[in-house]
Amino acid sequence: MFFSKNRDVDMSTGPLFGNILLFALPIMAMNILQLVFNAADMIVVGRFSGREALAAVGATGSLINLIVTLFMGLSVGTSVIVAQDYGANRQVDVSRSVHTSIAVSIISGAIVMIAGIVFCKPLLEIMGTPLDIIDLSELYMKIYFVGMPASMVYNFGAAILRAVGDSRRPMYYLFIAGIVNVILNLFFVIVFGMGVAGVAWATTISQYLSAALILICLYRSHGAIRFIPRQMRIYKDRLKPLVKIGLPAGLQGLLFSISNVMVQSAVNSFGSTMVAASSASANVEGFVATTTNAYYNAAITFTGQNMGAGKYDRIDTIAKICTVLIFATWIVVGGTTILFGRPLLSMYSSDPKVIKFGMERMKIMMAAYFACGVMNVFPGLTRAMGYSVLPMLSTLIGACIMRIVWLVTIFAWYPTPAVLFLCYPITWALAGLGQVAIFFYARRQIRKQDTSGPQSAATCSA
Numbered sequence: 226m227f228f229s230k231n232r233d234v235d236m237s238t239g240p241l242f243g244n245i246l247l248f249a250l251p252i253m254a255m256n257i258l259q260l261v262f263n264a265a266d267m268i269v270v271g272r273f274s275g276r277e278a279l280a281a282v283g284a285t286g287s288l289i290n291l292i293v294t295l296f297m298g299l300s301v302g303t304s305v306i307v308a309q310d311y312g313a314n315r316q317v318d319v320s321r322s323v324h325t326s327i328a329v330s331i332i333s334g335a336i337v338m339i340a341g342i343v344f345c346k347p348l349l350e351i352m353g354t355p356l357d358i359i360d361l362s363e364l365y366m367k368i369y370f371v372g373m374p375a376s377m378v379y380n381f382g383a384a385i386l387r388a389v390g391d392s393r394r395p396m397y398y399l400f401i402a403g404i405v406n407v408i409l410n411l412f413f414v415i416v417f418g419m420g421v422a423g424v425a426w427a428t429t430i431s432q433y434l435s436a437a438l439i440l441i442c443l444y445r446s447h448g449a450i451r452f453i454p455r456q457m458r459i460y461k462d463r464l465k466p467l468v469k470i471g472l473p474a475g476l477q478g479l480l481f482s483i484s485n486v487m488v489q490s491a492v493n494s495f496g497s498t499m500v501a502a503s504s505a506s507a508n509v510e511g512f513v514a515t516t517t518n519a520y521y522n523a524a525i526t527f528t529g530q531n532m533g534a535g536k537y538d539r540i541d542t543i544a545k546i547c548t549v550l551i552f553a554t555w556i557v558v559g560g561t562t563i564l565f566g567r568p569l570l571s572m573y574s575s576d577p578k579v580i581k582f583g584m585e586r587m588k589i590m591m592a593a594y595f596a597c598g599v600m601n602v603f604p605g606l607t608r609a610m611g612y613s614v615l616p617m618l619s620t621l622i623g624a625c626i627m628r629i630v631w632l633v634t635i636f637a638w639y640p641t642p643a644v645l646f647l648c649y650p651i652t653w654a655l656a657g658l659g660q661v662a663i664f665f666y667a668r669r670q671i672r673k674q675d676t677s678g679p680q681s682a683a684t685c686s687a
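Residue numbering for the sequence shown follows the working numbering, starting at 226 and increasing by one per position.
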């Protein structure tokens with residue numbers, strides 16, 4: 226059934242390559258659908274409300290991530306603890322983790338909603354958002370953050386389903402919500418002329434729909450992952466490992482977002498045309514990033530279940546398979562993105578300058594996206610082994626701090642868009658090397674603890 230059929234998968238047995246790919250493909254499709262629907266927001270507003278409206282929506286991306294990412298990172302903790310408990314066949318712990326995660330998602334969503342609405346205008350001003358778009362950006366963000374509680378519930382719920390091997394139903398629900406989003410975009414913007422407010426309300430409404438679908442799915446599920454509203458509470462014994470693993474992941478995302486906000490501030494200094502071009506290019510580039518992100522989710526789930534089952538040797542194979550898939554994706558999807566870059570950008574805007582500046586950014590970014598994939602995926606392997614702080618430190622030093630250093634030195638000396646965007650591939654490579662080194666360190670520690678059983682390894686938090 227669409228909601229209730231049991232799709233749980235034991236990932237601690239059987240072949241890995243085919244299973245990882247089959248698991249990752251629905252997540253990939255889900256992520257691409259999300260980007261398509263986000264792109265629809267920008268295409269509709271850019272085509273029917275003008276370049277300023279496109280820039281206004283695009284200028285909010287890094288700032289929204291800054292506010293959201295800390296709490297969204299906690300869903301990583303949900304993925305890991307549910308996968309480990311499921312792999313170890315600890316059914317009571319799985320149920321407690323599910324109900325704790327849903328409670329945390331609702332609380333987190335409320336906090337993020339309030340923070341976003343209150344602080345969006347001051348933060349936009351600090352970022353140096355161009356005056357001709359700042360009011361539109363503020364309007365978009367305030368409406369967008371009304372949907373944060375629903376967004377949190379969906380993401381935590383999807384993390385629960387993926388942790389037990391079900392990566393398809395989250396995709397189905399996102400597809401339904403996305404179709405509603407696109408229809409409402411066209412209706413609000415074209416029929417009612419609501420501009421950025423129209424796409425914001427369309428997104429918010431679709432977020433609540435996706436949250437409702439995921440909750441219905443969990444409510445009708447069988448076994449330990451079934452969500453029973455009256456049992457929803459925060460169990461301290463499940464909250465502790467969730468926070469221990471998820472908080473460093475959230476902090477990593479927060480630190481990453483801070484550096485991206487600083488880059489966005491630098492982009493803003495070139496004016497609204499460059500903001501529009503960078504936003505459109507980033508949206509297209511996202512198709513490569515979101516594809517590799519599917520391998521991150523696969524790495525967490527497969528490694529987590531095998532950790533719970535005590536089958537540590539399979540983790541090495543998971544790492545090799547993920548690396549091969551990252552490389553193949555970079556060559557195929559990245560190459561296609563460059564090949565069709567101009568027609569893709571022309572969907573967002575017909576302004577020749579927007580297309581020209583967008584292509585300049587895209588070529589720089591695509592040249593090193595393999596490093597970005599490694600930087601993003603390997604922390605999933607390490608966190609699923611119980612090591613969550615070290616990946617955060619690698620991102621802090623290799624990406625965030627070095628990106629800031631680049632902005633205050635190289636970019637300050639040569640303030641051009643090309644020099645600005647070069648900071649991305651360089652910091653990806655530095656952070657990626659650090660993440661690989663941390664994976665090998667964590668794997669070596671797990672080998673040392675092999676004789677102590679899976680529990681001792683699973684509770685590490687270095």
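The beta carbon of each residue, even a glycine, is placed where N, CA and C say it ideally should be.
Check: Roughly how far, in whole angstroms, is the beta-carbon of GLY605 from the beta-carbon of TYR521, given that I think they are within contact range, below 8 Å?; Outcome: 4 Å
Check: By how many angstroms is the C-alpha of SER504 removed from the C-alpha of ALA514?; Outcome: 15 Å
Check: Helix, strand or coil for GLY418, going by three-state DSSP, please let me know.; Outcome: coil
Check: Tell me the start and end of each unbroken alpha helix (DSSP H) in the stretch 636-674 that is at least 4 residues and wholly inside, in chain order.; Outcome: 642-673
Check: With three or more C-beta pairs closer than 8 Å as the rule, is the stretch 457-465 touching the stretch 392-404?; Outcome: no
Check: Where does PHE412 sit, in a helix, a strand or coil, going by DSSP?; Outcome: helix
Check: Straight-line CA distance for ASP318 to GLY448?; Outcome: 12 Å
Check: Considering only the beta carbon of each residue, do ASN508 and ASN290 sit closer than 8 Å?; Outcome: no
Check: Does the contact criterion of 3 or more C-beta pairs under 8 Å hold for the stretch 324-331 versus the stretch 366-386?; Outcome: yes
Check: Measuring only the C-alpha atoms, how far is SER446 from ARG455?; Outcome: 16 Å
Check: Between GLY418 and LYS578, what straight-line distance do the alpha-carbon atoms span, to the nearest angstrom?; Outcome: 26 Å
Check: From this set, VAL343, CYS597 and TYR649, which residue's C-alpha is nearest ILE292's C-alpha?; Outcome: VAL343
Check: Just to confirm my understanding: we take GLY271, look at its own chain, exclude 5 residues before and 5 after, and list those with CB closer than 6 Å. What are they?; Outcome: LEU279, TYR573 and SER574
Check: So, is THR634 buried or exposed, given that buried needs 16 or more other C-beta atoms within 10 angstroms?; Outcome: exposed
Check: What are the start and end residues of the alpha helix (DSSP H) that includes ILE241?; Outcome: What sits at residue 241 in the sequence shown is Leu, not Ile. Counting along the chain, LEU241 falls outside any alpha helix (DSSP H), and DSSP gives it neither H nor E.
Check: With 16 other CB atoms within 10 Å as the buried threshold, where does ASP357 fall?; Outcome: exposed
Check: State the Cα-Cα distance for the pair LEU655 and ASP360, rounded to the nearest angstrom.; Outcome: 37 Å
Check: Is the separation between the beta-carbon of ARG451 and that of TYR537 shorter than 8 Å?; Outcome: no
Check: For the alpha helix (DSSP H) that contains MET572, what are its first and last residues?; Outcome: Counting along the chain, MET572 falls outside any alpha helix (DSSP H), and DSSP gives it neither H nor E.
Check: So is ALA683 buried or exposed if we call it buried at 16+ other beta carbons inside 10 Å?; Outcome: Confidence at ALA683 is low in this model, with a pLDDT of 44, below 50, so the placement of that residue is unreliable and no value is reported for it.
Check: Give the straight-line distance between the Cα atoms of VAL389 and VAL261, rounded to the nearest whole angstrom.; Outcome: 27 Å
Check: State the CB to CB distance for the pair VAL661 and PHE603, rounded to an integer number of angstroms; the pair is presumed to be in contact (CB under 8 Å).; Outcome: 6 Å
Check: Between VAL305 and THR498, what straight-line distance do the alpha-carbon atoms span, to the nearest angstrom?; Outcome: 42 Å
Check: At a cut-off of 7 Å, would you count CYS547 as near the ligand FAD, judging by its Cβ distance to the nearest heavy atom?; Outcome: The ligand FAD is not part of this structure, which contains no ligands at all.
Check: Would you mind reading off the limits of the alpha helix (DSSP H) that contains ASN518?; Outcome: 497-533
Check: With C-beta atoms as the reference, is GLY312 less than 8 Å away from ALA534?; Outcome: yes
Check: Does the Cβ-Cβ distance between THR528 and MET610 come in under 8 Å?; Outcome: yes
Check: In the DSSP assignment, find the alpha helix (DSSP H) that holds THR688 and state where it starts and stops.; Outcome: The first residue shown for the chain is 226 and the last is 687, placing residue 688 beyond what the model contains.
Check: From GLU277 to LEU480, what distance separates their C-alpha atoms?; Outcome: 29 Å
Check: Starting from the C-beta of ARG608, find all residues in its chain whose C-beta is less than 7 Å away, skip the five residues before and the five after it, and write them out in chain order.; Outcome: VAL301, VAL305, ILE470, ALA474, ILE525 and PRO616
Check: Under DSSP, the alpha helix (DSSP H) around THR548 begins and ends at which residues?; Outcome: 538-554
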